[in-house]
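S.K.:
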Amino acid sequence: MSTLLQIDDLHVSYGAIRALRGISFKVDKGAVVTLIGANGAGKSTLLRTISGLLRPKQGQILYWADGNGGSEQPCRLSDLQAHDVVRKGVAQVPEGRIIFANLSVKENLQMGAFTRNDKAGIAQDMDYVMSLFPRLAERIKQNAGTLSGGEQQMLAIGRALMSRPRLLLLDEPSLGLSPVLVQTVFATIRQINGNGTTILLVEQNAHMALTTAQTGFVLETGTIALSGPCSELLHSDDVRRTYLGEN
Amino acid sequence: MSQFVQQLVNGLSLGAIYALIALGYTMVYGILRLINFAHGDVYMVGAFVGYYLGRILNAGAASSSPSVLNFFLVLGGSMGACALLGWVLERSAYRPLRKAPRLNALITAIGISLLLENLGQLIFGADPKDFPTLVERTSLSVGIVTFSNIQLIVIVTAIVLMLGLQYIVHRTKMGTAMRAVSFSHDASGLMGINIHRVISFTFVLGSALAAAAGILVGLYNPKIDPLMGIMPGLKAFVAAVLGGIGNIPGAIVGGLIMGVAETLTIGYLSSTYRDAITFVILVAVLLFRPTGLFGTTARAKV
Ligand SMILES: Nc1ncnc2c1ncn2[C@@H]1O[C@H](COP(=O)(O)OP(=O)(O)O)[C@@H](O)[C@H]1O
Ligand SMILES: [Mg+2]
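Heads up: the sequence lines are chains A and B, in that order.
Per the working numbering, the first sequence starts with residue 5, numbered consecutively.
Per the working numbering, the second sequence starts with residue 6, numbered consecutively.
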């Protein structure tokens, strides 16, 4: 497997608060990788840094647009601003969705395709998003602020897909959704991955995350406490006690 | 009755000018949560650019009479010059403060305002100047109302510019990006929107509209001086607050209300109170409807 993303010894701080304290890991092309951890562990900070919204204090983020980990010259995402990271093929569904409540559903999707100029391709992807989420098609002209929580999450995912990302970062997509909707969202994530998009999934719903991804990392106060294949993490005593609520 | 309608027409002409200025305040606030106190001074610069352009054009055509073509040239030239000024101000003064506390940018805006006023006095001279006659004033009357062709030009120009703005904000990719950035900088960045470019564009648009207001006021009320931006700037700011700051239609309605309130005050009370009415309205809005007529309290829960 070739590497798509490689994070080396990443340190990120908010003033005196050290949110990430030396994180290193790799994401293989085509994989679903999950990052679980308690509130405040630094999960969102990590995704925000990958997306260029935060600058690391130390360490680097390398990205091989074509997933040739090592053989080809990588791009240092940690040197880019947020809008340029998107152009490289990395999209994010942020925590709390942050859909543009003052724009229509359609305009939200258009903004997702902001970096693109290929009208035909954009229309095609718009159809693809509608096929994933038929609810959005019904509400295409509606103001996005009027959508329900679940619909907003679908819009947030659809919006991120509109840039045709190679790597999709998802920050707690199941947050605040009903169990049925959680199933829908995870089924969609699998489908997106099946279509060739690599996924880095941040979750507090450890069970769903570990049964969806192949590789998992457990983040604790800014460091990686555990990592391995999800099948192993699901059976680790630590994970079961702390994140799966079992005894 | 006829006097009332007359004052209404006068008020709408004046209000159209306030509305054009108020749009710049409200757009910049919407996108940066910054009250750009230098905005009224950009309007002043717009009037002076028009003053010089108009004199050059009128001198060039020494014998010929003023023409509507000259008006368009002056309007376009001044809007272009102020668009550039707005871009430079944002780039040099506000962008470096993007991550600084908001108060820093506010104080900088006041500083820029004083700078423009003092540079204006230095370069243009402190004494009032007569704006060149671009269009000969004539009277028109419809039924009981008499108005000048200048008022007609002011109102029509303002409407065309507002429709143009509406088109940009709601029908173009850049305009949609402006609305997106006004909702969330982070989410916009995650869409691949270069927020700095969108913010620059907002300053360019707002400054061009302020310049247009400067030209229209030059036609309407042809005495200009380097401090002329202070009062209309303040009134336009109140207009933006009245409409709900950050809200584009609100700024237009707010501007028109301010203009009409001012002419009615002049007509029925005394011109002594023409400026006082601004503060009466400001206090009333802050007391009874702090979010303005069209404002919403429901900010994005993010
Ligand atoms: N904007 C911020 N300013 C200061 N501290 C922050 C900010 N955002 C997050 N933090 C702190 O950084 C740490 C990691 O936060 P975060 O990455 O949001 O965690 P998670 O997403 O895992 O819940 C927490 O201690 C949090 O309080
Ligand atoms: Mg988080």
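Cβ coordinates follow ideal geometry from the N, Cα and C atoms, glycine included.
Check whether the Cβ of A:E142 lies closer than 8 Å to any Cβ atom in chain B.
M.R.: Judged by the 8 Å Cβ criterion, A:E142 is not in contact with chain B.
S.K.: Answer yes or no: the CB of A:K30 versus the heavy atoms of ligand 2, is any distance below 7 Å?
M.R.: No.
S.K.: Output the boundary residues of the alpha helix (DSSP H) element that contains B:G272.
M.R.: Segment I253 to Y273, the alpha helix (DSSP H) holding B:G272.
S.K.: Looking at chain A, is there any beta carbon in it that lies within less than 8 Å of the beta carbon of B:N123?
M.R.: Chain A, which has no Cβ nearer than 8 Å to the Cβ of B:N123, makes this no.
S.K.: Using the Cα positions of A:A191 and B:V93, report the straight-line distance between them to the nearest angstrom.
M.R.: Their Cα atoms are separated by approximately 50 Å.
S.K.: By the three-class DSSP mapping on this structure, what secondary structure does A:D83 have?
M.R.: DSSP places A:D83 in helix when its eight states are reduced to three.
S.K.: With ligand 1 as the reference, list in chain order each residue whose Cβ lies under 5 Å from any of its heavy atoms.
M.R.: Those residues are A:Y18, A:I21, A:A23, A:N43, A:G44, A:A45, A:G46, A:K47, A:S48 and A:T49, given in chain order.
S.K.: So, using beta-carbon positions, are A:L57 and B:G194 closer together than 8 Å?
M.R.: In this structure, B:G194 lies closer than 8 Å to A:L57 by Cβ.
S.K.: Between which two residues does the beta strand (DSSP E) holding A:E224 run?
M.R.: Element bounds for A:E224: T219 to E224.
S.K.: What three-state label does DSSP hand A:D13 in the structure shown?
M.R.: Correct three-state label for A:D13: strand.
S.K.: Just the chain A side, please: which residues come within less than 7 Å of B:N109 by C-beta, in chain order?
M.R.: Residues of chain A passing the Cβ test: none, with the nearest at roughly 17 Å.
S.K.: Does the CB of B:M196 have a neighbour CB from chain A at under 8 Å?
M.R.: Yes, because at least one Cβ of chain A sits closer than 8 Å to the Cβ of B:M196.
S.K.: With 16 as the cutoff for other CB atoms within 10 Å, does A:G200 come out buried or exposed?
M.R.: Exposed.
S.K.: Run down chain B in chain order and give the residues with a C-beta less than 9 Å from the C-beta of A:N106.
M.R.: Under the 9 Å cutoff, chain B gives R184, A185, S187, F188 and A305.
S.K.: Ends of the beta strand (DSSP E) at A:K30?
M.R.: Taken as a continuous stretch (DSSP letters only), the beta strand (DSSP E) holding A:K30 covers I21 to D32.
S.K.: May I ask whether a heavy atom of ligand 2 can be found less than 7 Å away from the beta carbon of A:E176?
M.R.: Because some heavy atom of ligand 2 lies under 7 Å away, the Cβ of A:E176 counts as near it: yes.
S.K.: Whose C-beta lies closer than 6 Å to the C-beta of B:N63 among residues of the same chain, with five residues either side of it excluded?
M.R.: The answer, listed in chain order, is P137.
S.K.: I think B:I282 touches B:S187, with their Cβ atoms under 8 Å apart; what is that distance to the nearest whole Å?
M.R.: Between B:S187 and B:I282 the Cβ distance is about 30 Å, and since that is not below 8 Å, they are no contact.
S.K.: State the DSSP-derived secondary structure class of A:T38, mapped to helix, strand or coil.
M.R.: Note: A:T38 maps to strand in three-state DSSP.
S.K.: Pick from A:L204, A:R120, A:S167 and A:M212: whose alpha carbon is nearest that of A:I189?
M.R.: It should be noted that the sequence gives Val, not Ile, for residue 189 of chain A. That would be A:M212, whose Cα lies nearest to the Cα of A:V189.
S.K.: For A:P183, which of helix, strand or coil comes out of DSSP?
M.R.: A:P183: helix per DSSP, three-state reduction.
S.K.: Could you tell me whether the Cβ of A:V90 comes closer than 8 Å to any Cβ of chain B?
M.R.: Yes, contact with chain B.
S.K.: Is it the case that the CB of A:E99 approaches a heavy atom of ligand 2 more closely than 7 Å?
M.R.: Yes, since a heavy atom of ligand 2 falls inside the 7 Å radius drawn around the Cβ of A:E99.
S.K.: Near B:I229, which residues of its chain fall below 7 Å by C-beta distance, leaving aside the five closest residues on each side in sequence?
M.R.: Excluding positions up to five away in sequence, the list reads A52, F53, Y56, P133, K134, F136 and G223.
S.K.: Give the straight-line distance between the Cα atoms of B:T151 and B:T31, rounded to the nearest whole angstrom.
M.R.: So the two alpha carbons sit approximately 33 Å from each other.
S.K.: Applying the 10 Å Cβ sphere with the 16-neighbour rule, what's the burial state of A:N121?
M.R.: The residue in question, A:N121, is exposed, as its Cβ has fewer than 16 Cβ neighbours within 10 Å.
S.K.: With respect to the alpha helix (DSSP H) encompassing A:D129, which residues constitute its N-terminal and C-terminal limits?
M.R.: Segment K123 to L136, the alpha helix (DSSP H) holding A:D129.
S.K.: Taking only the alpha-carbon atoms, compute the straight-line gap between B:S18 and A:E207 and give it to the nearest angstrom.
M.R.: Each residue's Cα considered, the two are about 58 Å apart.
S.K.: Can you find the residues in the same chain that come closer than 7 Å, C-beta to C-beta, to B:L139, ignoring five residues on each side of it along the sequence?
M.R.: Cβ neighbours of B:L139 beyond the five flanking positions: G59, P71, N75, F76, V79 and L224.
S.K.: Measuring only between beta-carbons, confirm whether B:T181 sits less than 8 Å from chain A.
M.R.: So yes, B:T181 belongs to the interface.
S.K.: Across which residues does DSSP place B:P237 in a beta bridge pair?
M.R.: DSSP, once it has assigned bridges, lists no residue as partnering B:P237.
S.K.: What residue range is occupied by the uninterrupted alpha helix (DSSP H) comprising B:F53?
M.R.: Start and end: H44 to G65.
S.K.: Looking only at C-alpha atoms, which of A:L171, A:A105 and A:E99 sits nearest to A:L181?
M.R.: Closest by alpha carbon: A:E99.
S.K.: Look up B:F152 in the DSSP assignment and say whether it is helix, strand or coil.
M.R.: The answer is strand: DSSP assigns B:F152 an E or B state.
S.K.: What does a CB cutoff of less than 6 Å around B:I173 pick up in its chain, not counting 5 residues either side in sequence?
M.R.: These residues qualify, in order along the chain: G180.
S.K.: Excluding the 5 residues preceding and the 5 following B:M237 in the sequence, name in chain order all residues of the same chain whose CB lies nearer than 8 Å to its CB.
M.R.: The residue you asked about is not Met; residue 237 of chain B is Pro in the sequence shown. Result list for B:P237: I22, Y23, I26, G45, Y48, A218 and V222, in chain order.
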